[in-house]
Each structure stands twice: as structure tokens, then as C-alpha cells.
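Beneath this line is the structure, given in C-alpha cells, with notes to follow.
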Amino acid sequence: MNPTIAGDLTAFRAETHAWLDENCPQSQRAPVKNGFEDIFAGGRNPHFHNEDQKVWFERMRDKGWTAPTWPKAYGGGGLSPQENKVLEEEMAKLGCRKPLWSFGLMMLGPALLHYGSEEQKQKYIREIVNGEIWWSQGYSEPGSGSDLASLKTSAVDMGDHYVVNGQKVWTSYADKSDMIFCLVRTDQEAPKHSGISFLLIDMRWEGVSTRPIKLISGKSPFCETFFDNVKVPKENIVGEVNQGWSIAKNLLTHERTSIGSLFSNIFPIHEFAKEKVGLESGKLADPVLRTEVARLMIDSLGLKYAIEQTIDEAKAGQQPGAKSSYFKYTGSELNKTRNELMVALAGYEGLHWGEDIKEGKIARDMCRTKGNSIEGGTSEIQLNVIAKRVLGLPTFKG
Amino acid sequence: MALILSEEEKMLKSSAKEFLAERAPVEALRRLRDSQDNYGYDRSLWREMAEMGWTALTIDEAYGGLGFGYVGLGQIMEECGRTLAASPMVSTALLGTTVISLGGSEAQKQSLLPEIMEGNMITALAFEEKNSHRPFDVSTTAEKSGEGYRISGKKVFVLDGHVADKLIVSAIADGELSLFIVDAKASGISIERKFMMDSRNAATVSLEGVEVKADDRVGGKDVLEKSLDIARICLSAEMVGSMQEAFDRTIAYLKERQQFGVPIGSFQALQHRAAHMFSEIELCKAMTLKCLQAIDKEDKHLAAKASMLKAKVGEVLKLVSNEGVQMFGGIGVTDDEEIGFFMKRARVAQQTFGDYNYHLDRFASINGF
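What follows is the structure, encoded as C-alpha cells:
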């Protein structure tokens, strides 16, 4: 990467702005409205919701700007952090959407760049940047729950390949995805954290099958995924054999931080409250709800400033440490409270079981948020992590 | 503005920490309490604090101050909260300097600010009249009398009221809320000291036809409201120091105290409560710095921020101070153990300048609901 001087950035900003303005179709300059139904996720059988989405994706892909900071050698944009900040700012100014959303970009890519072999980087990073493979995540198992490292799915060494048997659960979009990155047990005898490897499996291979899981919200991205004597080539292991736990932990930190940040978004709940409950003498007509709304707003601002502070500290060279755990804990508990409050504020309307973003989605969303304090490590697990790693409290020996 | 301390602010904080640990540990507050000290604070300590510039931090350089700002004062307050240092920081270095700087005439600033900075003058803001925080519900009157006014009324919960040289009194003058600087020894004033739960000073002040001059006026409602918002934020900084110290002591105790043959800190029931408190304290710290910076940048949303902060910090300090006592177990409810001092100070600080309910209500009203 080139060292960036102020003059270069000014020129880069102007060029970037001009390019975005010329190449981003108008319809792609608005916030994503309906979550997954409205975004492009890539894959072997890509589904574009409209022509503009395709055009925008292809133009950004050709510049490597689906993954702006990844090395050019693997198809990324090769931008410095400073240049990437300019790109983000200019995209925000014009309201440009991200052209591609995927687990490959958010989770697997960073892990491969850190732990992958040269061959793996050449093949998979390029595919992720180009949106050619839809990746799913295979961590949890039916019996493992919060004790993730107790996983049982086995990969037995057959000399030139592994044979995988077992079952994964909560595999997001596994029914639509092309490949899955999995934690598997490669050493049955070793202590549970030391016998795990990180394996890449193609969903087309013989013996792989999936089944969607319906949630209390009435729908779900989640599936169960089954492996029945699946043959996996040895080159599909990422990092060292039996050292997969460190990769998994690294990925979970990313996941927790991003979940926490997601929930700090300040939804103008007081406006929603005024619309649904109404005002009496300038105050919300229900005094108890009024207190709850104020309290939620204050707590949300607290999380927002805490995240802002962590970002500023990181820029000043301070390590964030185990903060991802308290962001995840606070953020997901807050999000549950927020969605409960919205049901209460909306009254009978909040009980409608609908699809629309304005009418009837409140009830489904509330149901969905019940998972927030479970997925990505339960609230109790986050509290354990804080107690042990941040506060240094001793382990129980009963 | 990045949400981190500058190098100068960090240095100020660490020097305050060192000084207070040596000169004003919790043990010093216990001694003041047990001796029923006439002043209720250590006067030589206050002079040293003034010499270190703590009274001059927020005062403009034009009047001989340091112009360092409220982020700086907030760091000192936080450290005072850690050791529960009893001093006129709130009444004088915070309220006195702020009211005079915001509402004072040139002459008032020239004459009063240097006296405060040198540690020669204690001020007390006499503005509460009801049984809880209602700063704009004022019955005290200032009636026109010749060239000046005659003030009559009764004020409660006047912090450092019985040791103050100057009282800053709110009264209705010419139909509007006004603040006046009154000499504490003026004829018609009677002051009754009240011992508070936290062993600090507050007083009831009665004024009967106390005569002041027209140019003793030091602003009106706007000055009072903005001064209170600044005070709420800086007091919150003190409260954050207290919660951090109470929490640190509690965690240390959880690691050391053995029950059933193991440290009690290994019990998950206690670990989760401790981890929850940690998360809440982290939010309070970030919010406090955000609000201190908002004072220095003259943020136009200061009122909403002050109420946000005072509500949140009050609730979290209540939680942390109560949990501290509980987690110390039997020893936690004895007078020998210092954790109880934090709980008592917390209760007073929670109500000072408005409690949780007051500020939730105010936050909602400012946001239009």
C-alpha cells in the first residue's frame, strides 16, 4: 500500500466522489428497507432484486470495492485505512448502499486473510470479493449450545482426505448457500478446545443436506445441516490441524462487536411513542410508558457513546480488550427492551401478525429479538467472559 | 472531539489521585465526622487544593484563572469521588465559579473570582426551598427598597451553607427569578447547620429583610439553569469516581473473601451481578466524558445531556453502592468497613441537583414527549 499524504487524499476524495456519483444508480442510494429481502448476497446462483442492483454490484466489484481494504492480489480494493474512510464517507454522503452483504465478507474473509494458506487466499478471497460463493457458518450443534467447544461433528483422517459425520444447527441460510465453514473435531482424545479444526465444505458434496428451522417470529434464516460420510479434501483445512478454536474465537469477537454496534442504532422511539400513544399537555398520555421510553433512550445513548469512545481509543492505539462482550450483552438486552416497548406503545396494532414494515412487523420483530441474547453467545456467556477475563474473578471449583 | 482525555487532562487526573489518596482518604472523612468538626471540611486541605489550581480550573484567564475547562474539573471531581473527599469543591469551585462566570458583572468577577481561586472565600448556592429538587419553585422575595432590595425567605439543603462567606440566593425580584450575592454575615440572616447522612455540610438558611444592592444581582433563571446543568454533569463525574472505587473494592473483596472453602468471587450468582455492574459503569464513564466535553464546546443540547447523565449515573451508583454493601456481607453493614460510606454518599449525591425521577421527566419534556 502506498503511504498516503494529505494531497493524495484530497485528490482521492474528489475522484471517488465523482466516480460514485457517476456509477451508483439512483435506486441504490437509499437505505436498505426490508433487511435480507432487499440486499444482494451473491452466490453461484445470484439473485438480483432488480437491474440497478446488478449494475451497482458489478461496477463496485470491478474496482475491488466490495472489499475495499483487502489486498489487490486477491481481488480486493487495496485501499489504505485512510482511503477506505474516505470511501465510506463519500458513500455515506451520496447514500450509496453496500453492493454486497455476506458472511464471506464479514466473517470468513478476515479469518482467511489471517490464517489461510496462499492457495486458499488465491481461490476463496477472490470468490468472496466477486460475490461468487454464498458462505454459511457451521459452529453450533444441537447438544452444544453455549458450550460451543463441546461439539461432536467429527472429521476422521483417511490419509488423503477427511470423512465428516455430524449435525450443525443455526446455520444461517444454509439452504441457499454454496459452501459452509465449520468447526469439526479432528482429535477425539485431546482436551475439548485442542482437538478442533476449521474446515471448508461444499454444500453440493455427497452426504450434505439441510432443513430450515421455523422461529417464533414465523420465519427464519436458520437451518439444520447434516453431514453423512462427507468426503472433504485435506487442503480444505484452514490453519493448523487441531488449532481451529483460536480461529473460532477470533471470528466470535468480530461477531459480538458487530452485533453490539448494530443495537446501538438510535431508533427515534419517542416519535413512535407520540404517534401511537399521543400527548396530553405535552406529555405522553401514559406516564409509565413515558418513563420507560425516556429510560430506553438514555440507555441507548450510553451504549452509543461507549462504542464511540472505544473507537476513539482504538484510533489512539489502545486495545479494546474484552469490550466486545459487554457491547454484545448490553446491546442485545437493550434491543429486546426496545422491541417489547414498541409492542406496548403500539397497543392492539402491535399484536398484528403482518409482513409490512409499517403495519404488523412489530410483533414479529419482538419475537425475533428474543434470539439476540442467545445467538453469538448468550447474555450469561458474555457475563462469564466479563467476570473472568475483564474482572479476573476466579473459576469455581466445587 | 475524540472521546478520550488529552495528555494534560490525564496528568491532572493522576496528580489529583495521588494527592487525595495521601491527604484525603476515606479515613479523613471518618475523622471529620467523629470529631463533629465545626467546619465539616479540612481548611488546610482546601488551601492546598486551591494552591494546586483546582479552584481556578474553569475560570477565564482574563481573571487570573487557568481556563482549563470543565473536562479538567470533571477529572478532579472524579478523583474526589474515589476518596469521598469532603471539601467545598461542589459549593465553591463548581457552583460559585460557574454562577459568577456566567452571570456576574465585570466588577463581581474582578472582586470575587480571585478570592475564590486563592481559597479565601467559600460560596454557597441557596436555591432549594421544597423537600426535593425544584429549583424554579421559589417563594423567596426580593422587594424593591430604595436603591436595592430586601430579601425574605427560607432556603433548605444549602451545601456548605454554614461555612460560606457569600451566599448566592435565588429570589423573585421584579416578577422574575433572580440570583443575588449576599454576605453570609449580613443582618437578617440566620443559618442552621444540618448533619447529613454522608457526613457533609448542608444548612437551612433563613433570610428576613436582608438588604442587598441592585448590583449584587448575578443573573436570573437562565444562569441558574445552566449553572445547575454544569453542576449536574460535574457532580456525576464525582459519582462515577465513587462507583468505580466502590466497585473496585467489591471486586477485590470477592477475590479475597473465602466461604465454603473457595473465594466468593467464584460463585456465578455474584460474578454475573459484578459483570452487569461493570457494563453499566462503562456506559456511565463514556457518557460523563461526552457531557463534560459538551460543556466546554458549548453544546446547545446541554440540558438534555445533563438530565440524561444525572438520571443514569444516579441509578448506577445506587446499584453499585447497594451491591457493594451486600457483597461485603455482614462486615458491609458495620461502621468499621468503609463500603458503607460510599452508599451514604451515594444517597445524598443522587438527590443533589435532581434525582432519577426528576431527570427522566425533564429529559422526556426536553425531547417533546
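Residue numbers (numbering that gives the first Met the number 0), protein chains in the order written: chain A, 0 to 397; chain B, 0 to 368.
Note that CB positions come from ideal geometry on N, CA and C, so glycine has one too.
Checklist entry - What first and last residue would you give for the alpha helix (DSSP H) that runs through A:E274? => result To locate residue 274 of chain A, count along the first sequence from 1; it is residue 275. The continuous alpha helix (DSSP H) containing A:E274 extends over residues 268 to 276.
Item to check | Rounded Cβ spacing between A:A40 and A:W100 (contact assumed at less than 8 Å) | outcome: Numbered from its first residue, the first sequence carries residue 40 of chain A at position 41. Numbered from its first residue, the first sequence carries residue 100 of chain A at position 101. About 6 Å separates the beta carbon of A:A40 from that of A:W100, a gap short enough to meet the 8 Å contact definition.
Checklist entry - B:Q349 lies in the alpha helix (DSSP H); which residues open and close that run? => result On the second sequence, position 350 is the one that residue 349 of chain B refers to. Residues 338 to 350.
Checklist entry - What is the DSSP secondary structure of A:D156, reduced to helix, strand or coil? => result For the purposes of this step, residue 156 of chain A is identified with residue 157 of the first sequence, where counting begins at 1. The answer is strand: DSSP assigns A:D156 an E or B state.
Checklist entry - What does A:F395 touch in chain B if you count any residue whose Cβ is under 8 Å from its own? => result Mapped onto the first sequence, residue 395 of chain A falls at position 396. Per Cβ cutoff of 8 Å: V261, S265, F266, Q267.
Next on the checklist: Between which two residues does the beta strand (DSSP E) holding A:P211 run?
Outcome noted: Stepping through the first sequence from its first residue, residue 211 of chain A is reached at position 212. Run containing A:P211: 207 to 211, per the beta strand (DSSP E) assignment.
Item to check | Inter-residue Cα distance where the pair is A:A272 and A:L344 | outcome: For the purposes of this step, residue 272 of chain A is taken as residue 273 along the first sequence, with counting starting at 1. For the purposes of this step, residue 344 of chain A is taken as residue 345 along the first sequence, with counting starting at 1. Near 6 Å, if we compare the C-alpha coordinates of A:L344 and A:A272.
Checklist entry - Between B:G240 and B:E78, is the Cβ-Cβ spacing less than 8 Å? => result Within the second sequence, the letter at position 241 stands for residue 240 of chain B. Within the second sequence, the letter at position 79 stands for residue 78 of chain B. Taking 8 Å as the Cβ cut-off, B:G240 and B:E78 qualify as a contacting pair.
Checklist entry - Is the shortest distance between the beta-carbon of A:K273 and the beta-carbons of chain B less than 8 Å? => result The residue given as residue 273 of chain A occupies position 274 in the first sequence. With respect to chain B, the C-beta atom of A:K273 has a partner C-beta closer than 8 Å.
Checklist entry - What are the start and end residues of the alpha helix (DSSP H) that includes A:C366? => result In the first sequence, counting from the first residue as 1, residue 366 of chain A sits at position 367. DSSP places A:C366 inside the alpha helix (DSSP H), whose first and last residues are 360 to 368.
Item to check | Backbone CA spacing between B:M238 and B:I75 [nearest angstrom] | outcome: As a first step, residue 238 of chain B must be located in the second sequence, where it is residue number 239. As a first step, residue 75 of chain B must be located in the second sequence, where it is residue number 76. If you take the alpha carbons of B:M238 and B:I75, they lie about 12 Å apart.
Checklist entry - In terms of residues, what are the limits of the alpha helix (DSSP H) holding A:G301? => result Counting from 1 along the first sequence, the entry for residue 301 of chain A is found at position 302. Judged by DSSP secondary structure, A:G301 falls within the alpha helix (DSSP H) whose first and last residues are 286 to 314.
Checklist entry - Relative to the C-alpha of A:Q136, which residue among A:W204, A:E348, A:L251, A:L78 is closest? => result Stepping through the first sequence from its first residue, residue 136 of chain A is reached at position 137. If you compare the alpha carbons of A:W204, A:E348, A:L251, A:L78 with that of A:Q136, the shortest gap goes to A:L251.
Checklist entry - So what's B:L2 in DSSP terms, helix, strand or just coil? => result The residue labelled residue 2 of chain B in the question sits at position 3 within the second sequence. In this structure, DSSP gives B:L2 a state outside helix and strand, which the three-state scheme calls coil.
Next on the checklist: So, for A:K360: in the same chain, excluding its five sequence neighbours on each side, which residues have a beta-carbon less than 8 Å away from its beta-carbon?
Outcome noted: One-based indexing of the first sequence puts residue 360 of chain A at position 361. Result list for A:K360: G353, E354, in chain order.
Checklist entry - For B:A273, which of A:A110, A:P393, A:G206 has the nearest alpha-carbon? => result Mapped onto the second sequence, residue 273 of chain B falls at position 274. Distances from the CA of B:A273 to each of A:A110, A:P393, A:G206 were compared; the closest alpha carbon is that of A:P393.
Checklist entry - Would B:M196 be called buried (16 or more neighbouring beta carbons within 10 Å of its own) or exposed? => result Locating residue 196 of chain B in the second sequence gives position 197, counting from the first residue. The residue is exposed, with fewer than 16 neighbouring Cβ atoms inside 10 Å.
Item to check | Backbone secondary structure at A:N338 - three-state DSSP | outcome: The count along the first sequence starts at 1 and reaches residue 338 of chain A at position 339. It is helical.
Next on the checklist: I need the DSSP call for A:Q381, collapsed to helix, strand or coil.
Outcome noted: Reading the first sequence from its first residue, position 382 is the one you call residue 381 of chain A. Correct three-state label for A:Q381: helix.
Next on the checklist: Am I right that B:D159 and B:A125 are in contact with their C-beta atoms under 8 Å? What's the rounded C-beta distance?
Outcome noted: As a first step, residue 159 of chain B is located in the second sequence; it is residue number 160 there, counting from the start. As a first step, residue 125 of chain B is located in the second sequence; it is residue number 126 there, counting from the start. With a beta-carbon spacing of about 10 Å, B:D159 and B:A125 fall beyond the 8 Å limit used to define contacts.
Next on the checklist: Once DSSP output is grouped into helix, strand and coil, what is the label at B:D36?
Outcome noted: Sequence index remark: in the second sequence, residue 36 of chain B carries index 37 (1-based). Three-state DSSP puts B:D36 in coil, outside helix and strand.
Next on the checklist: So, with DSSP's three-state summary, where would you put A:M0?
Outcome noted: For the purposes of this step, residue 0 of chain A is taken as the residue at position 1 of the first sequence. Summary for A:M0: the model assigns pLDDT 39, below 50, so the residue's position carries little reliability, and this model does not support an answer.
Checklist entry - Thinking C-beta only, is B:H358 closer than 8 Å to B:K309? => result Position 310 of the second sequence, counted from the first residue, corresponds to residue 309 of chain B. Position 359 of the second sequence, counted from the first residue, corresponds to residue 358 of chain B. Contact flag set, yes.
Next on the checklist: In the DSSP output, which residue or residues are listed as bridge partners for A:D177?
Outcome noted: For the purposes of this step, residue 177 of chain A is identified with residue 178 of the first sequence, where counting begins at 1. None; A:D177 has no bridge partner.
Item to check | DSSP-derived helix/strand/coil call for B:G264 | outcome: Taking the second sequence and counting its residues from 1, one reaches residue 264 of chain B at position 265. Per DSSP, reduced to three states, the secondary structure at B:G264 is helical.
Item to check | Interface flag, A:L350 vs chain B, CB-CB below 8 Å | outcome: Taking the first residue of the first sequence as 1, we reach residue 350 of chain A at position 351. Cβ-Cβ to chain B under 8 Å: no for A:L350.
Item to check | 8 Å Cβ shell around A:G115 - same chain, five flanking residues per side excluded | outcome: Along the first sequence, one-based indexing puts residue 115 of chain A at 116. Here the set comprises Y123, I124, V237, G238.
Next on the checklist: Whole angstroms are fine: how far does the CA of A:I200 sit from the CA of B:D360?
Outcome noted: In the second sequence, residue 360 of chain B corresponds to position 361, counting from 1. In the first sequence, residue 200 of chain A corresponds to position 201, counting from 1. Computed Cα separation, rounded: 56 Å.
Next on the checklist: I'd like the span of the alpha helix (DSSP H) that includes A:D37, first residue to last.
Outcome noted: The count along the first sequence starts at 1 and reaches residue 37 of chain A at position 38. Segment: none, A:D37 is in no alpha helix (DSSP H) and carries neither H nor E.
Checklist entry - Less than 8 Å separating the beta-carbons of B:A172 and A:Q308? => result Along the second sequence, read from residue 1 onward, the residue named residue 172 of chain B stands at position 173. Along the first sequence, read from residue 1 onward, the residue named residue 308 of chain A stands at position 309. Between B:A172 and A:Q308, the C-beta spacing is not below 8 Å.
Next on the checklist: Rounded to the nearest angstrom, what separates B:N130 and A:I246 at their Cα positions?
Outcome noted: The residue given as residue 130 of chain B occupies position 131 in the second sequence. The residue given as residue 246 of chain A occupies position 247 in the first sequence. Spanning the two alpha carbons is a distance of roughly 59 Å.
Checklist entry - Should A:N334 go down as buried or exposed, given a rule of 16 or more other Cβ atoms within 10 Å for buried? => result Your numbering for residue 334 of chain A matches position 335 in the first sequence. Answer is buried; the Cβ neighbour count reaches 16.
Item to check | Secondary structure of A:L123, DSSP reduced to three states | outcome: Working through the first sequence from its first residue, we reach residue 123 of chain A at position 124. It is Tyr, not Leu, that sits at residue 123 of chain A in the sequence shown. A:Y123 sits in a helix when the DSSP states are folded into three classes.
Checklist entry - Since B:V137 contacts B:I150 with CB under 8 Å, what's their CB separation in whole angstroms? => result The count along the second sequence starts at 1 and reaches residue 137 of chain B at position 138. The count along the second sequence starts at 1 and reaches residue 150 of chain B at position 151. For a cut-off of 8 Å, the C-beta gap from B:V137 to B:I150 is around 11 Å, too long to register as a contact.
Checklist entry - A:F326 by DSSP, collapsed to three states: which one? => result Position 327 of the first sequence, counting from 1, holds the residue named residue 326 of chain A. Helix at A:F326.
Next on the checklist: Measuring CB atoms only, is the segment 103 to 113 of chain B touching the segment 83 to 93 of chain B, in the sense that at least three cross pairs come out at less than 8 Å?
Outcome noted: They do not touch, by the three-pair rule.
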